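Undergrad:
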Amino acid sequence: MLVKICGLTSPEATRAAVDAGADAVGFVLAPSVRQVSCETARELLALVPDTIEKIAVFAQATREELEAAFELGFDAVQAELGSPVEPMAKGMFALTVLRDGDDLEQRAEGVVSDWKPGSLRGALVLDGPSGGGSGVPVDLERAQRTARSHPIVLAGGLTPANVAELIRLVRPIAVDTSSGVESERGLKDPEKIQDFVRQAHEAFVLPAQTTEEPPP
888 MLVKICGLTS PEATRAAVDA GADAVGFVLA PSVRQVSCET ARELLALVPD TIEKIAVFAQ
948 ATREELEAAF ELGFDAVQAE LGSPVEPMAK GMFALTVLRD GDDLEQRAEG VVSDWKPGSL
1008 RGALVLDGPS GGGSGVPVDL ERAQRTARSH PIVLAGGLTP ANVAELIRLV RPIAVDTSSG
1068 VESERGLKDP EKIQDFVRQA HEAFVLPAQT TEEPPP
């Protein structure tokens, strides 16, 4: 189970995510209460080891914004479906966001996935209908159905209190939180980050079915 902590804005929060064992971190470069400048992003990225995937987060990214992100050394660009994120440069990958809605599954079918375990590359981010950082969850039944056919990163309304249960119910390949680990809007809480990562990594997920015969 991979864990992404998104909307980091300070050295303290970034170090907390790294120390907690997050598998990916996100920095918002689009207008938001959690937006950081390219200069600040560069400073925060220097605190993140190469073993952790570094994600530049946008909504509907423009070509100019993407080009600026390319220069900072991010591993991926996260943006909503329809953003001009391909072809990606310098080995970066696109992390496509789908907001929840009645046609969620239909939109998901139009996205080609080449996910490989241990990375967010090739996964789909399922977010609430209001978009990133709003804390609004995805419809549970739609998330469950989508996760059966696509590797998904479950986002929207995840907290230390509910992440383990949502992992068991939806069975995503990763979970993503921003507002769920804040003490106030836009301000990350190191203890909540630590608790969220621990709860997610320890969550019990049933093993994949096997065709092997059971022992006699």
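Numbering (this note's numbering), first residue to last: 888 to 1103.
By construction, the Cβ of each residue, glycine as well, lies at the ideal position given by its N, Cα and C atoms.
Bear in mind that the values here come from a model prediction, so they are computed numbers and not experimental data.
Over the uninterrupted beta strand (DSSP E) stretch that includes R986, give me the two end residues.
TA: Start and end: F980 to R986.
Undergrad: Across which residues does DSSP place E940 in a beta bridge pair?
TA: The partner list for E940 (beta bridge, DSSP) reads A911.
Undergrad: Using only the alpha-carbon positions, how far apart do A1090 and S1000 sit?
TA: One C-alpha to the other measures close to 25 Å.
Undergrad: Specify the secondary structure class of V1040 as computed by DSSP and reduced to three states.
TA: The answer is strand: DSSP assigns V1040 an E or B state.
Undergrad: If I follow the unbroken alpha helix (DSSP H) through L1053, where does it start and stop?
TA: Segment V1050 to V1057, the alpha helix (DSSP H) holding L1053.
Undergrad: D910: buried (16+ other C-beta within 10 angstroms of its C-beta) or exposed?
TA: Buried: at least 16 other Cβ atoms inside 10 Å.
Undergrad: Is the beta carbon of V944 closer than 8 Å to that of V915?
TA: Yes, they are a contact pair.
Undergrad: Just verifying my parser: in three-state terms, what is the DSSP assignment at D1076?
TA: Of the three classes helix, strand and coil, the one that applies to D1076 here is coil, per DSSP.
Undergrad: In three-state DSSP terms, what is T1064?
TA: The answer is strand: DSSP assigns T1064 an E or B state.
Undergrad: DSSP three-state label for P974, please.
TA: Bear in mind that the predicted position of P974 carries a pLDDT of just 46, short of 50, making it unreliable; the figure below should be weighed with that in mind. In this structure, P974 counts as coil in the three-state DSSP scheme.
Undergrad: Counting pairs of beta carbons, one from the stretch 1042-1054 and one from the stretch 917-935, are three or more of them closer than 8 Å?
TA: Touching, no.
Undergrad: Ends of the alpha helix (DSSP H) at Q993?
TA: From DSSP, the alpha helix (DSSP H) with Q993 extends over L991 to E996.
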